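In the numbering used here, the protein residues as written are 4 to 110. Reading through the structure tokens given below for one structure.
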Amino acid sequence: MEMILNENDLVVGARFENGTIQDYVDEKKTYGLIRIEDSTANWFLFNKDESDDELQELYKKVLKQEHLIQNDFGEEIVVFNKIGSVAFEEFIKKIDEYLGDEMGSFI
């Protein structure tokens, strides 16, 4: 996975063999976009106790539509607005890999 850096050398996304991932694609910087082959989905990290009000509202909205949530020790990876044939689980797998690689780049 090749990390994408912004002008301040902060990780803002990544490229991988069959897709890309971006941290934020909306003006409020609440959710990102992941593309695998010809499929896309939005995603964000959520913590019930620590997420701000905007993220809390988005979380409530997402629960009313098709989505997948993976709980990683209190922090949840939330995937929604999926378009295409790639399964939600594949998106979660790539996001998890990205987050692991991103954390590794800080060490």
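Ideal Cβ positions, reconstructed from N, Cα and C, are used throughout, including at glycine. Note that the coordinates shown come from a computational prediction; the quantities given were computed from them, not determined experimentally.
Secondary structure of residue 96, DSSP reduced to three states: Counting from 1 along the sequence shown, the entry for residue 96 is found at position 93. In this structure, residue 96 counts as helix in the three-state DSSP scheme.
Simplified DSSP state of residue 111, which is helix, strand or coil: In this structure the chain extends from 4 to 110, so residue 111 is not present and cannot be described.
Who are the near neighbours of residue 87 in its chain, counting only those whose CB is closer than 7 Å to its CB and skipping five residues on each side? Residue mapping note: residue 87 aligns to position 84 of the sequence shown, counting from 1. Answer for residue 87: 41, 42 and 43, listed in chain order.
Reducing DSSP to helix, strand and coil, say where residue 15 ends up. Numbered from its first residue, the sequence shown carries residue 15 at position 12. Strand at residue 15.
For residue 15 and residue 46, which I take to be in contact (beta-carbon distance under 8 Å), what is that distance rounded to the nearest angstrom? Counted from its first residue, the sequence shown places residue 15 at position 12. Counted from its first residue, the sequence shown places residue 46 at position 43. Actually they do not touch by this definition, with Cβ atoms about 14 Å apart.
Please state whether DSSP places residue 82 in a helix, a strand or coil. For this step, residue 82 is matched to residue 79 along the sequence shown. Here residue 82 sits in strand by DSSP.
Measuring straight from C-alpha to C-alpha, what distance separates residue 59 and residue 32? Taking the sequence shown and counting its residues from 1, the one referred to as residue 59 is at position 56. Taking the sequence shown and counting its residues from 1, the one referred to as residue 32 is at position 29. Distance between the alpha carbons of residue 59 and residue 32: 13 Å.
For residue 67 and residue 28, what's the separation of their Cα atoms in angstroms? In the sequence shown, residue 67 corresponds to position 64, counting from 1. In the sequence shown, residue 28 corresponds to position 25, counting from 1. Residue 67 and residue 28: Cα-Cα distance of roughly 21 Å.
Is the beta carbon of residue 47 within less than 7 Å of some heavy atom of the ligand NAP? In the structure shown, the ligand NAP is absent, as is every other ligand, since no ligand is present at all.
Where do the ends of the alpha helix (DSSP H) carrying residue 60 lie? In the sequence shown, counting from the first residue as 1, residue 60 sits at position 57. Run containing residue 60: 56-66, per the alpha helix (DSSP H) assignment.
Can you look up residue 35 in the DSSP assignment and give me helix, strand or coil? Mapped onto the sequence shown, residue 35 falls at position 32. DSSP places residue 35 in strand when its eight states are reduced to three.
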